[in-house]
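Written out below as structure tokens is the structure these notes cover.
Numbering (the numbering used here), first residue to last: 75 to 200.
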């Protein structure tokens, strides 16, 4: 029995694989998390720092710039003192909402299963 959706034939090579491309856009440790929180609405840079205290300022800047360059995130700069910058999903970025929500649902459903397996494997390997 196969669990394939459109099978491997849909991915003739890494360069042509839509999954590889999608992961290139939203992959990495932080992009999915940032997108998940942007589904709630506009965020400021320091809000992301509070939401994700483990992310460095440099990495946060890099991830947001990449999402902006891909047209996923809009960066609004307000000319005031102190400077104010807000980030929001573009209309194009909102097309990722079903994917991000599915990832969140999968994580909520299977987190304990995966954590248990990892713990068990660590004990075996330990």
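Quick reminder that beta carbons are idealized off the backbone N, C-alpha and C, glycines included. It should be emphasised that the depicted structure is a prediction, and the values quoted were computed from it without experimental measurement.
| Query | Result |
| --- | --- |
| In angstroms, rounded to a whole number, what distance separates the CA positions of residue 199 and residue 192? | 10 Å |
| Starting from residue 158, trace the beta strand (DSSP E) in both directions and tell me its first and last residue. | 158-163 |
| In three-state DSSP terms, what is residue 76? | Low local confidence applies: a pLDDT of 49 at residue 76 is under 50, so the model's placement there is unreliable, and no value is given. |
| Let me know the secondary structure DSSP gives residue 150 once reduced to three states. | strand |
| Measuring alpha carbon to alpha carbon, tell me which residue in 98, 103, 113 is nearest residue 175. | 113 |
| Following the continuous alpha helix (DSSP H) through residue 104, name the residue where it begins and the one where it ends. | Residue 104 -> no alpha helix (DSSP H), and no H or E assigned at all. |
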